[in-house]
Amino acid sequence: MHIFKAPTVVPIASDVIANGAVAVDEGKIVYVGPADQAPECDDVTEFTGVMMPGLVNAHTHLCYSSFSDMYTNEKEFFEWIQEFARRNPTLSDEEWRASVQAGIDESLRHGVTAVADVVSPAPALSTVLSSELAGVAYWEACLIDNNGWEQQRNTWRDVLTESRATNNSAMDVGISPHTLYTIGTGVAKSLAELARTFEIRLHPHLAETEHEDLYVRHGAGPFAFMARRMGAEFEIAANGGEGHSPTVQMEKSRLLGSDSHVAHGVHVDEDDRKILLKNETAVALCARSNKRLGAGEAPVAAYRAAGNKVAIGTDSRASAPDLDVAGEWMPLKRLALSQGDTGAGLDEWLVRAATEGGADAMGRSDIGRLVEGARADLAVFDVQGSSNAYSALVSDAAGRCSATVVAGRLIKHEQVS
Numbered sequence: 002m003h004i005f006k007a008p009t010v011v012p013i014a015s016d017v018i019a020n021g022a023v024a025v026d027e028g029k030i031v032y033v034g035p036a037d038q039a040p041e042c043d044d045v046t047e048f049t050g051v052m053m054p055g056l057v058n059a060h061t062h063l064c065y066s067s068f069s070d071m072y073t074n075e076k077e078f079f080e081w082i083q084e085f086a087r088r089n090p091t092l093s094d095e096e097w098r099a100s101v102q103a104g105i106d107e108s109l110r111h112g113v114t115a116v117a118d119v120v121s122p123a124p125a126l127s128t129v130l131s132s133e134l135a136g137v138a139y140w141e142a143c144l145i146d147n148n149g150w151e152q153q154r155n156t157w158r159d160v161l162t163e164s165r166a167t168n169n170s171a172m173d174v175g176i177s178p179h180t181l182y183t184i185g186t187g188v189a190k191s192l193a194e195l196a197r198t199f200e201i202r203l204h205p206h207l208a209e210t211e212h213e214d215l216y217v218r219h220g221a222g223p224f225a226f227m228a229r230r231m232g233a234e235f236e237i238a239a240n241g242g243e244g245h246s247p248t249v250q251m252e253k254s255r256l257l258g259s260d261s262h263v264a265h266g267v268h269v270d271e272d273d274r275k276i277l278l279k280n281e282t283a284v285a286l287c288a289r290s291n292k293r294l295g296a297g298e299a300p301v302a303a304y305r306a307a308g309n310k311v312a313i314g315t316d317s318r319a320s321a322p323d324l325d326v327a328g329e330w331m332p333l334k335r336l337a338l339s340q341g342d343t344g345a346g347l348d349e350w351l352v353r354a355a356t357e358g359g360a361d362a363m364g365r366s367d368i369g370r371l372v373e374g375a376r377a378d379l380a381v382f383d384v385q386g387s388s389n390a391y392s393a394l395v396s397d398a399a400g401r402c403s404a405t406v407v408a409g410r411l412i413k414h415e416q417v418s
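Basically the numbering used here = 1-based index in the sequence shown + 1.
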C-alpha cells in the first residue's frame with residue numbers, strides 16, 4: 002500500500018477535503034479522506050497543491066501527435082482537413098506508433114490518465130491498447146461509401162474481434178464513425194449495428210462546422226464537392242440533402258444513445274440539444290480546436306442550462322496547442338460567461354466535465370472520481386486551492402501538473418507550460 006497526501010484533495014465523488022489523503026493498493030484506491038484518519042502505512046508521498054482524479058480527455062486523436070505543424074499552418078477547416086489525406090499514406094507503421102506514444106507521454110505529463118482516442122491507422126491501435134491509459138480506443142471509419150463498406154465489412158469485424166480478444170489493458174475498444182460527410186448513411190447504420198452487436202461504444206464527430214450543416218440540410222457546399230471529387234456515393238449528397246440538422250440525421254442513422262458520445266457539438270440549436278439530452282448522449286467540447294479552425298463557438302451556457310451531459314476534449318495536436326485538458330477550462334469558462342451564464346458553480350461544473358463527465362461519456366465508473374475501488378489515477382496541480390479549489394484549478398492549473406499517478410504508478414514532472 003502507498004499513501005498520497007495533499008493540502009487539498011478534490012475527490013469529485015464527495016466534498017473537497019482539506020489535508021486529505023488517498024491510499025492505493027495494487028493499482029486501486031482503498032481509502033479517500035482526511036490524512037489523519039488514513040490507514041497506517043510506511044510508504045507516503047506528500048504533495049503540495051491540489052490532488053484530484055486524473056483528467057479525462059473525452060476527444061483526441063493521439064495518432065496525430067506528430068502533426069503539430071498543422072496547428073500553426075493557418076489553413077481554414079476545409080483546406081486543413083484535406084491535409085490528412087495527403088499526409089497519412091506517407092507514414093510508416095513505426096512512425097504511427099511513435100506518434101501515438103508521443104501523445105500518450107504528453108497526456109501523462111498533463112495529468113491526463115484516460116482518453117477517448119480516435120484511432121485512424123490500424124497500426125496505432127495496438128499502441129493505444131497496450132498503454133497505461135484508461136478509456137476507449139475508437140477505431141475510425143472515414144471516407145467509406147456503401148460499395149467500400151461491402152469490401153471492408155469483414156475486415157472491420159476481424160479487427161474488432163482480434164483487438165478485444167488480445168486487449169488486457171484498461172482501454173476498451175469502440176467505433177468512431179467519423180462524420181456524416183465522410184461515410185454513407187447505410188455505412189453509419191451498419192457501424193451502429195456492429196457496435197451494438199459487439200456491445201461496444203460509439204464516438205462520432207457532430208456539427209463541428211457550418212459546412213457540415215450545409216451538407217446535411219442541402220447536400221451542398223465544400224463537403225458535397227469533396228464527395229463528388231472522390232467519386233464517393235454518399236446518400237446525403239446524392240439526395241440533395243436531408244432537409245434537417247446534422248443532429249437529427251445522426252439520430253436517424255442510429256448513432257446517438259447512452260452508448261455514444263459526440264465530439265464538438267458546435268452548430269446545434271435548442272431542438273438539437275433536446276435530442277442529445279433525450280438520447281442521453283454526451284458532448285465532448287473542444288474550445289481551443291474550434292477556435293483554431295474557425296469552426297465556431299459551442300453553446301456552452303445553453304448545454305449547462307439544459308442539463309446536457311458534457312465532457313471535455315482537446316482534439317489532436319493538429320488543431321490544439323497541447324493535450325492539456327486543464328488548458329480547455331478557461332476558454333470554456335469565457336465562452337459560457339459571454340453567452341449569458343451567471344458563473345455560479347461554473348468552475349465546479351467545468352472540473353466535473355473534465356473528470357466524471359468524460360468517464361460517464363465512455364461508460365466508465367472506475368475512473369474520473371476518487372472513490373474506493375476505482376483505478377488509482379491521480380493528478381496533482383501546483384495551485385493554491387485552500388479557499389476555492391475548483392476556481393483555483395480552472396484559473397491556474399493549465400501547464401502546472403506536478404505529478405501524475407496512473408494505475409498507482411507515480412510520475413513526477415517538471416512544470417510544463
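Even for Gly, the Cβ is constructed at its ideal location relative to N, Cα and C. Keep in mind that this is a model prediction, so the values were computed, not measured.
Around the C-beta of residue i, are 16 or more other C-beta atoms found within 10 angstroms, so that it is buried, or is it exposed?
i: glutamine 250; result: buried
i: asparagine 291; result: buried
i: proline 223; result: buried
i: proline 12; result: buried
i: asparagine 240; result: exposed
i: methionine 53; result: buried
i: serine 339; result: exposed
i: glycine 386; result: buried
i: proline 35; result: exposed
i: alanine 86; result: exposed
i: glycine 358; result: buried
Going straight from the alpha carbon of residue i to that of residue j, what length do you get?
i: aspartate 325; j: tyrosine 391; result: 17 Å
i: threonine 1; j: valine 352; result: With the chain running from 2 to 418 in the structure shown, residue 1 is simply not present.
i: glycine 258; j: asparagine 280; result: 5 Å
i: glutamate 211; j: isoleucine 4; result: 50 Å
i: serine 388; j: valine 395; result: 13 Å
i: alanine 321; j: leucine 192; result: 28 Å
i: histidine 268; j: arginine 274; result: 10 Å
i: threonine 282; j: valine 51; result: 31 Å
i: histidine 265; j: histidine 206; result: 7 Å
i: histidine 414; j: alanine 24; result: 21 Å
i: threonine 180; j: histidine 245; result: 16 Å
i: serine 67; j: serine 100; result: 5 Å
i: leucine 286; j: valine 116; result: 14 Å
i: glutamate 163; j: glutamine 38; result: 46 Å
i: valine 174; j: valine 119; result: 10 Å
i: threonine 419; j: glutamate 27; result: Lying before the first or after the last residue shown, residue 419 is absent from the chain, which here runs from 2 to 418.
i: alanine 7; j: phenylalanine 199; result: 42 Å
i: leucine 63; j: isoleucine 176; result: 15 Å
i: asparagine 148; j: glycine 187; result: 10 Å
i: glutamine 152; j: cysteine 143; result: 14 Å
i: glycine 409; j: glutamate 133; result: 10 Å
i: alanine 189; j: lysine 253; result: 10 Å
i: phenylalanine 79; j: arginine 289; result: 17 Å
i: threonine 315; j: leucine 161; result: 26 Å
i: aspartate 214; j: threonine 248; result: 9 Å
i: glutamate 243; j: arginine 255; result: 15 Å
i: glutamate 373; j: aspartate 16; result: 15 Å
For a test of the three-state rule: what should DSSP assign to residue i, helix, strand or coil?
i: histidine 265; result: strand
i: glycine 21; result: strand
i: arginine 376; result: strand
i: glutamate 271; result: helix
i: arginine 370; result: coil
i: serine 259; result: coil
i: serine 403; result: strand
i: threonine 282; result: coil
i: valine 10; result: strand
i: leucine 351; result: helix
i: isoleucine 201; result: coil
i: valine 395; result: helix
i: alanine 299; result: coil
I'd like the list of long-range same chain contacts for residue i, defined as Cβ closer than 7 Å, with 5 residues on each side in sequence excluded.
i: phenylalanine 235; result: Asp146, Gly185 and Ala228
i: isoleucine 412; result: Leu109, Ala404 and Thr405
i: asparagine 309; result: Arg274, Leu277, Leu278 and Val284
i: serine 131; result: Ser170
i: glycine 341; result: Ala302
i: valine 384; result: Gly50, Val51, Ala393, Leu394, Asp397, Ala398 and Arg401
Tell me which same chain residues have a C-beta within less than 8 Å of the C-beta of residue i, skipping the five on either side of it?
i: serine 69; result: Arg318 and Ala319
i: asparagine 89; result: Ser121 and Pro122
Who are the near neighbours of residue i in its chain, counting only those whose CB is closer than 6 Å to its CB and skipping five residues on each side?
i: serine 418; result: Reliability of the predicted coordinates at serine 418 is poor, the pLDDT of 44 falling under 50, and the value obtained from them is presented with this limitation in mind. Same-chain partners within the cutoff: Gly400.
i: aspartate 348; result: Tyr391, Ser392 and Val395
i: valine 113; result: Leu56, Asn58 and Val326
i: aspartate 94; result: Pro124
Does the CB of residue i have a neighbour CB from chain C at under 8 Å?
i: glutamate 236; result: Given the protein chain composition of this structure (a single chain), no chain C is represented.
Pull up the DSSP beta-bridge partners for residue i, would you.
i: isoleucine 145; result: Ile184
i: threonine 46; result: Phe5
i: alanine 115; result: Val57 and Ala135
i: alanine 312; result: Ala285
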